[in-house]
Amino acid sequence: MKLKSHHIYLFTLKNGKKKLGHGDNPEHALKILSYRLTPEEMAEITTDPPEIIRQPDLQKHVKDLG
């Protein structure tokens, strides 16, 4: 059985901060985020394309998370 690889995405919020999500693609990552965020929090995510980051680089982006 081959496992699908998940990617880590940084979605931009309206306040300039970033929200971390993971999934097969950006749409999947947003769906997963919708399970743990309120509708108000989801509305803060912009429609800008997310940045794909590698797990080893995650610590570089912690300061940007909101």
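Mapping to the working numbering: the sequence shown position 9 is 14, numbers consecutive.
Where a beta carbon is used, it is the ideal one built from N, C-alpha and C, also for glycine.
Just how far apart, CA to CA, sit residue i and residue j?
i, j, result
"ASP29", "ARG59", "14 angstroms"
"TYR40", "GLY71", "17 angstroms"
"ILE37", "GLU56", "17 angstroms"
So for residue i, helix, strand or coil by DSSP?
i, result
"LEU15", "strand"
"LEU25", "strand"
"LEU70", "strand"
Would you list the one or two residues that DSSP bridges to residue i?
i, result
"ILE57", "TYR14"
"LYS37", "It is worth fixing the name first, because residue 37 is Ile in this sequence and not Lys. Per DSSP, none; premise fails for ILE37."
What residue from the options has the CA that sits closest to residue i's CA?
i, options, result
"ASP69", "LYS24, TYR40, THR51, GLU46", "LYS24"
"GLY21", "GLU49, PRO31, LEU63", "GLU49"
"LEU18", "HIS11, HIS33, HIS12, LEU42", "LEU42"
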